[in-house]
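Have a look at the structure below, then the notes.
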Amino acid sequence: MVHECSPRMTEFLRELPKCEHHVHLEGTLEPSLLFQLAERNNITLPSNFPASVAACNERYNNFADLQDFLDHYYVGMSVLIKEDDFYDLAMEYFKRAHADGCVHSEVFFDPQGHVERGIPIHTVVSGFERACKDANEKLGTTNKLIMCLLRHLPAADGLQTIASAAPYYQAGVIHGLGLDSAEKPFPPELFTDCYKTLKDQFPHVNLTAHAGEEGDHTYVTNSLNKLNVTRIDHGVNSQHSDELMAHLAENQVMLSLCPMSNVKLQVVKDVSELPIRKFLDAGVPFSINSDDPAYFGGYILDNYIHVHTRFGFTPKEWTKVVLNGINGSWCDDHRKAELRQKLQNVETKFSDLMTDN
Ligand code: HPA
Ligand code: ZN
């Protein structure tokens with residue numbers, strides 16, 4: 001069944017003070033910027049990479065699975081060379097997210113994908129940091145950087161990356177650690193040492209990991225138990241363990257769901273097949289996110305609308321989802337209070353939609 005998303009409802013979804021917790025900055029590289037940067041930096045793309053914006057959009061609409069997407073994602077990031085490139089990439093995303101009513105973003109980046117091409121981590125982080133500051137000053141949004149380790153690379157490489165990023169954790173420029181790339185052959189426990197090393201050195205750092213997107217529910221459990229993460233990225237396969245579902249609800253462990261990504265990467269055929277209603281009813285907190293919006297055809301608001309058309313959440317249920325997103329964010333209590341106030345203001349403004357259910 002498909003539910004209508006009326007213009008008034010769309011406005012409500014846009015104005016809700018949304019937090020995004022699962023977006024890869026390299027996954028926000030729109031084909032138009034990709035080709036512009038390739039030219040600016042004299043990069044020749046491989047001959048099997050789509051040769052135009054239209055060809056990209058066509059190819060991006062037909063990913064066979066996570067690995068097929070990743071093969072394009074890593075070619076895409078090869079056009080990022082200079083600090084300005086990283087700045088431009090992030091700033092484009094922050095503007096786009098702001099236009100969708102996103103007020104706080106916690107954004108992933110993959111330093112190993114750049115360092116292995118000879119780009120110093122300093123170039124990457126400086127560009128992203130400058131964009132975070134500018135977005136805050138010009139758009140009023142708050143943003144946090146989460147460094148991800150690529151799980152297809154050895155843990156020893158991850159440890160080196162953590163050592164090279166230490167000054168940025170020390171300075172509070174990078175706030176969190178995540179784990180991404182091909183999930184299934186690389187279970188979380190391979191990275192126990194990496195997570196422990198960083199947490200021992202910087203106890204205030206927040207930890208998360210991709211788990212339960214293609215991997216089964218044990219990937220989620222082992223991320224919690226072995227990596228000590230406090231959040232799970234994707235986590236859809238948690239639905240297959242009642243014990244895990246109860247644990248997530250009891251401990252309010254948030255899942256950062258990415259509905260359109262799950263369709264584009266063939267995790268499910270349609271958003272309606274995702275256990276989103278099940279999570280809501282079981283009290284498992286989740287946020288709705290775009291993952292790699294330039295590759296999956298939709299930013300945060302598109303994902304909200306998709307979920308609405310499939311599940312027909314009531315406005316009250318939506319405010320609960322947004323509140324869970326605020327509570328599960330890694331901003332400070334003062335910012336959370338501000339965001340809760342914004343949410344109340346939207347509830348008041350849209351009181352015509354707020355019926356009893
Ligand atoms: N899954 C795993 N790794 C990724 C993704 C994803 O959806 N996007 C970018 N790297
Ligand atoms: Zn992701």
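Each residue of the sequence shown is one higher than the one before, counting from 1 in UniProt numbering.
C-beta: ideal position from N, C-alpha, C; glycine also.
Review point. Going by Cα to Cα distance, which pick from Pro315, Leu323, His334 is closest to lysine 349?
Key: Counting from one through the sequence shown, the residue named residue 349 turns up at place 349. Looking at the Cα atoms, Pro315 is the closest of the given residues.
Check your understanding: Whose C-beta lies closer than 7 Å to the C-beta of threonine 221 among residues of the same chain, with five residues either side of it excluded?
Key -> Residue numbering aside, residue 221 sits at position 221 when the sequence shown is read from its first letter. Within the same chain, threonine 221 has close Cβ partners Leu244.
Exercise for review: Assign valine 26 to buried or exposed, taking buried as 16 or more other Cβ atoms, counted over all protein chains shown, within 10 Å of its Cβ.
Suggested key: Counting from one through the sequence shown, the residue named residue 26 turns up at place 26. According to the sequence as given, residue 26 is glutamate; it is not valine. So glutamate 26 counts as buried.
Exercise for review: Answer yes or no: the CB of glutamate 183 versus the heavy atoms of the ligand HPA, is any distance below 8 Å?
Suggested key: Against the sequence shown, residue 183 aligns to sequence position 183. A heavy atom of the ligand HPA is found nearer than 8 Å to the CB of glutamate 183.
Review point. In angstroms, rounded to a whole number, what distance separates the CA positions of leucine 190 and proline 50?
Key: For the purposes of this step, residue 190 is taken as residue 190 along the sequence shown, with counting starting at 1. For the purposes of this step, residue 50 is taken as residue 50 along the sequence shown, with counting starting at 1. Taking the straight line from one Cα to the other gives about 34 Å.
Review point. Relative to the alpha-carbon of histidine 80, which residue among His104, Asn42, Ser105 has its alpha-carbon at the smallest distance?
Key: Position 80 of the sequence shown, counted from the first residue, corresponds to residue 80. Per the sequence shown, the amino acid found at residue 80 is leucine instead of histidine. Comparing C-alpha distances from leucine 80 to each of His104, Asn42, Ser105 shows the shortest one belongs to Asn42.
Exercise for review: Could you tell me whether the Cβ atoms of valine 173 and tyrosine 195 are closer together than 9 Å?
Suggested key: As a position in the sequence shown, residue 173 is number 173, starting the count at 1. As a position in the sequence shown, residue 195 is number 195, starting the count at 1. No, they are not a contact pair.
Check your understanding: By Cβ distance, which residues of its chain are closer than 6 Å to valine 2, with the 5 residues on each side in sequence left out?
Key -> For the purposes of this step, residue 2 is taken as residue 2 along the sequence shown, with counting starting at 1. So the list reads Thr309, once near-sequence residues are dropped.
Exercise for review: Given a cut-off of 9 Å, decide if glycine 158 and glutamine 112 are closer than it, judged by their beta-carbon atoms.
Suggested key: In the sequence shown, the residue the question calls residue 112 occupies position 112. In the sequence shown, the residue the question calls residue 158 occupies position 158. Less than 9 Å separates the beta-carbon of glutamine 112 from that of glycine 158.
Practice item. Taking all protein chains shown into account, decide if aspartate 352 is buried (16 or more other Cβ within 10 angstroms of its Cβ) or exposed. Key: Taking the first residue of the sequence shown as position 1, residue 352 is located at position 352. Burial is judged here by how many other beta carbons sit within 10 angstroms of a residue's own beta carbon; aspartate 352 has fewer than 16 and is exposed.
Point to revise | Extent of the continuous alpha helix (DSSP H) run through alanine 14 | key: Position 14 of the sequence shown, counted from the first residue, corresponds to residue 14. Position check: residue 14 holds arginine in this sequence, whereas alanine was assumed. Where arginine 14 is concerned, the enclosing alpha helix (DSSP H) stretches over 7–15.
**Study point:** Closer than 8 Å: glycine 176 CB and nearest the ligand HPA heavy atom
**Key:** Taking the first residue of the sequence shown as position 1, residue 176 is located at position 176. It does not: the Cβ of glycine 176 is nowhere closer than 8 Å to a heavy atom of the ligand HPA.
**Study point:** Option in Asp88, Gln160, Arg14 with minimal Cα separation from threonine 28
**Key:** Position 28 of the sequence shown holds residue 28. When each option's Cα is compared against that of threonine 28, the closest is Asp88.
Point to revise | Chain-order list of residues whose beta-carbon lies under 7 Å from that of leucine 34 (same chain, five-residue window excluded) | key: Looking up residue 34 in the sequence shown gives position 34. The beta carbon of leucine 34 is closer than 7 Å to those of Gly76, Val79 in its chain, skipping five residues each way along the sequence.
Check your understanding: Is the CB-CB distance between leucine 146 and glutamate 106 below 9 Å?
Key -> As a position in the sequence shown, residue 146 is number 146, starting the count at 1. As a position in the sequence shown, residue 106 is number 106, starting the count at 1. According to the sequence displayed, residue 146 carries isoleucine and not leucine. Taking C-beta atoms as the reference points, isoleucine 146 and glutamate 106 count as a pair closer than 9 Å.
Review point. Start and end of the alpha helix (DSSP H) containing glycine 76?
Key: The sequence position of residue 76 within the sequence shown is 76, counting from 1. From DSSP, the alpha helix (DSSP H) with glycine 76 extends over 66–77.
Check your understanding: Hey, how far is the Cα of proline 7 from the Cα of leucine 13?
Key -> Here residue 7 refers to the residue found at position 7 of the sequence shown. Here residue 13 refers to the residue found at position 13 of the sequence shown. For proline 7 and leucine 13, the distance between alpha carbons rounds to 10 Å.
Point to revise | Any non-hydrogen atom of the ligand HPA within 8 Å of glycine 27 CB | key: Along the sequence shown, read from residue 1 onward, the residue named residue 27 stands at position 27. Correct: glycine 27 has its Cβ closer than 8 Å to the ligand HPA.
Practice item. Take aspartate 84 as the anchor and find which of Leu37, Gly283, Gln239 has the nearest alpha-carbon. Key: The residue you call residue 84 lines up with position 84 of the sequence shown. Of Leu37, Gly283, Gln239, the residue nearest in Cα terms is Leu37.
Exercise for review: Can you tell me which of the three DSSP states arginine 231 falls into?
Suggested key: Mapped onto the sequence shown, residue 231 falls at position 231. Note: arginine 231 maps to strand in three-state DSSP.
Point to revise | Every unbroken alpha helix (DSSP H) inside the stretch 276–345 [4 residues or more] | key: Every unbroken stretch of the alpha helix (DSSP H) spanning 4 or more residues and falling wholly within the stretch 276–345 is given here in chain order: 276–282, 293–296, 300–311, 315–327.
Point to revise | CB-CB length for residue 410 against glycine 127, believed under 8 Å | key: The chain is shown from 1 up to 357; residue 410 falls before or after that span and cannot be answered.
Exercise for review: Buried or exposed for lysine 278, please, with buried defined as at least 16 other CB atoms from any protein chain shown within 10 angstroms of its CB.
Suggested key: Within the sequence shown, the letter at position 278 stands for residue 278. Exposed, because fewer than 16 other Cβ atoms sit within 10 Å of the Cβ of lysine 278.
Exercise for review: Name the residue from Asp65, Phe108, Glu92 whose alpha carbon lies nearest to the alpha carbon of valine 23.
Suggested key: Taking the first residue of the sequence shown as position 1, residue 23 is located at position 23. Of the candidates Asp65, Phe108, Glu92, the residue whose Cα lies closest to the Cα of valine 23 is Phe108.
Practice item. Could you check the C-alpha separation between asparagine 262 and leucine 198 for me, to the nearest Å? Key: To locate residue 262, count along the sequence shown from 1; it is residue 262. To locate residue 198, count along the sequence shown from 1; it is residue 198. Roughly 30 Å between the two C-alpha positions.
Point to revise | Heavy atom of the ligand ZN within 8 Å of serine 261 beta-carbon | key: Within the sequence shown, residue 261 is the residue found at index 261, counting from 1. Because some heavy atom of the ligand ZN lies under 8 Å away, the Cβ of serine 261 counts as near it: yes.
Practice item. Specify, as a first and last residue, the run of the beta strand (DSSP E) that glycine 178 falls within. Key: If you number the sequence shown from 1, residue 178 lands on position 178. For glycine 178, the enclosing beta strand (DSSP E) starts and ends at 174–180.
Review point. Helix, strand or coil: which one does DSSP assign to methionine 1?
Key: The residue you call residue 1 lines up with position 1 of the sequence shown. Look at methionine 1 here: in three-state DSSP terms it is coil, with no helix or strand label.
**Study point:** Neighbourhood of tyrosine 168 by C-beta, 6 Å cutoff - its chain only, sequence neighbours within 5 removed
**Key:** In the sequence shown, counting from the first residue as 1, residue 168 sits at position 168. So the qualifying residues of the chain are Val125, Ile174.
Point to revise | Local conformation of asparagine 57 per DSSP, three classes | key: Residue mapping note: residue 57 aligns to position 57 of the sequence shown, counting from 1. In the structure shown, asparagine 57 falls within a helical segment according to DSSP collapsed to helix, strand and coil.
Review point. Do the stretch 333–344 and the stretch 288–298 make contact, defined as three or more Cβ pairs closer than 8 Å?
Key: Per the Cβ contact rule, the stretch 333–344 is not in contact with the stretch 288–298 (fewer than 3 Cβ pairs under 8 Å).
Point to revise | Range covered by the beta strand (DSSP E) that runs through histidine 210 | key: The residue labelled residue 210 in the question sits at position 210 within the sequence shown. Histidine 210 -> beta strand (DSSP E) spans 206–211.
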